[in-house]
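K.L.:
Numbering (mature numbering (1 follows the signal peptide of the UniProt record, and there is no 0)), first residue to last: -20 to -1, 1 to 204. Positions of the beta carbon are idealized from the N, C-alpha and C atoms, including for glycine. Model, not experiment: these values are computed from the prediction.
This is the structure in structure tokens:
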């Protein structure tokens, strides 16, 4: 619960300082994540599907510029085919985070609230759950809820960049990329089941980062 309350408090604090600004808006958004791992030990790792959903606010700070803080639940992780050398076995890990990006947004349209936009900024992510899944053959499956995250970084720093289109009615479509600066797993400690899987079974955590493409739909309320 604390991991959810803290990001919401951060968003409330940021929004609270913006009431003097004109055109403040609040919104909801959700979308599709295409996630994988990047980094030194990412060879053989493939993409997996997930989703994101949450709240955001947007307030103007200058002509064509606005700041947009968000709080999103986001599924990340990765997939491996031919796991442990077996051609019929696939391994997946789903990592659930609370993402808190704070984005500087440049609106290219001359009409208020309409047109293409670019966004860029930092992001803090808080790990709330990790789940491992192994599939063998076409019908035989085995699922393991891996709640031992002692060897994983609970707080992750990242960068976000994206592009999208805002419709006057409040509807927006966006595409963004999120890349982590912080590694998924802690270094210098013994790996858990997922860590061993990606490290090739050598007992050490792999050097990997979350790498996520996000397709999002949002709707904003209020503002001019």
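Look up residue 43 in the DSSP assignment and give the residues it is bridged to.
P.N.:
Looking up residue 43 in the chain shown gives position 63. None; residue 43 has no bridge partner.
K.L.:
Going residue by residue through the region 71 to 99, where are the continuous beta strand (DSSP E) segments of at least 3 residues, counting only ones entirely within it?
P.N.:
none
K.L.:
Taking all protein chains shown into account, do 16 or more other C-beta atoms lie within 10 angstroms of the C-beta of residue 15, making it buried, or fewer, making it exposed?
P.N.:
Within the chain shown, the letter at position 35 stands for residue 15. It is buried - the Cβ of residue 15 has at least 16 other Cβ atoms within 10 Å.
K.L.:
Please classify residue 146 as buried or exposed, where buried requires at least 16 neighbouring CB atoms within 10 angstroms.
P.N.:
The residue you call residue 146 lines up with position 166 of the chain shown. Buried is the call here.
K.L.:
Assuming residue 144 contacts residue 97 (C-beta within less than 8 Å), just tell me the rounded distance between them.
P.N.:
Taking the first residue of the chain shown as position 1, residue 144 is located at position 164. Taking the first residue of the chain shown as position 1, residue 97 is located at position 117. Between residue 97 and residue 144 the Cβ distance is about 5 Å, and since that is below 8 Å, they are a contact.
K.L.:
Would the region 21 to 38 count as touching the region 48 to 61 if we require 3 or more Cβ pairs under 8 Å?
P.N.:
The region 21 to 38 makes contact with the region 48 to 61, as at least three CB pairs between them are under 8 Å.
K.L.:
On the CB-based measure, 16 or more other CB atoms within 10 Å of its CB, does residue 75 come out buried or exposed?
P.N.:
Sequence index remark: in the chain shown, residue 75 carries index 95 (1-based). By the 10 Å Cβ count, residue 75 comes out buried.
K.L.:
For residue 27, which three-state DSSP category applies?
P.N.:
As a first step, residue 27 must be located in the chain shown, where it is residue number 47. Residue state, collapsed to three classes: coil.
K.L.:
Considering only their Cβ atoms, is the gap separating residue 152 from residue 89 smaller than 9 Å?
P.N.:
Numbered from 1 along the chain shown, position 109 holds the residue referred to as residue 89. Numbered from 1 along the chain shown, position 172 holds the residue referred to as residue 152. For residue 89 and residue 152, no; Cβs fall outside 9 Å.
K.L.:
From the DSSP output, read off the bridge partner residues of residue 140.
P.N.:
The residue you call residue 140 lines up with position 160 of the chain shown. In the DSSP assignment, residue 140 forms a beta bridge with 101 and 158.
K.L.:
Near residue 99, what residues of its chain come up, given a Cβ to Cβ distance below 6 Å and the 5 sequence neighbours on each side ignored?
P.N.:
Position 119 of the chain shown, counting from 1, holds the residue named residue 99. Correct list, in chain order: 83, 85 and 142.
K.L.:
Figure out for me which residue from 188, 150 and 157 has the closest Cα to the Cα of residue 6.
P.N.:
Walking along the chain shown from the start, residue 6 turns up at place 26. Of the candidates 188, 150 and 157, the one whose C-alpha sits nearest the C-alpha of residue 6 is 150.
K.L.:
Is the CB-CB distance between residue 108 and residue 78 below 9 Å?
P.N.:
Indexing the chain shown from 1 puts residue 108 at position 128. Indexing the chain shown from 1 puts residue 78 at position 98. Yes. Within cutoff.
K.L.:
When you compare only the Cα positions, how much space is there between residue 29 and residue 81?
P.N.:
Locating residue 29 in the chain shown gives position 49, where the first residue counts as 1. Locating residue 81 in the chain shown gives position 101, where the first residue counts as 1. Spanning the two alpha carbons is a distance of roughly 21 Å.
K.L.:
Indicate whether residue 191 and residue 17 have their beta-carbon atoms separated by less than 9 Å.
P.N.:
As a first step, residue 191 must be located in the chain shown, where it is residue number 211. As a first step, residue 17 must be located in the chain shown, where it is residue number 37. Yes. Within cutoff.
K.L.:
Shortest alpha-carbon distance to residue 139 belongs to which of 111, 148 and 104?
P.N.:
Indexing the chain shown from 1 puts residue 139 at position 159. For the residues 111, 148 and 104, the minimum Cα distance to residue 139 belongs to 104.
K.L.:
So for residue 164, helix, strand or coil by DSSP?
P.N.:
As a working mapping, residue 164 is identified with position 184 in the chain shown. Note: residue 164 maps to coil in three-state DSSP.
K.L.:
Over the uninterrupted beta strand (DSSP E) stretch that includes residue 15, give me the two end residues.
P.N.:
Here the question's residue 15 lines up with position 35 in the chain shown. Residues 5 to 18.
K.L.:
Can you say whether residue -17 is buried or exposed, counting buried as having 16 or more other CB atoms within 10 angstroms of its CB?
P.N.:
Position 4 of the chain shown, counting from 1, holds the residue named residue -17. Reliability fails at residue -17, whose pLDDT of 49 lies under 50, so the model's placement of it is uncertain and the value that follows must be treated cautiously. Counting Cβ neighbours within 10 Å, residue -17 comes out exposed, since fewer than 16 surround it.
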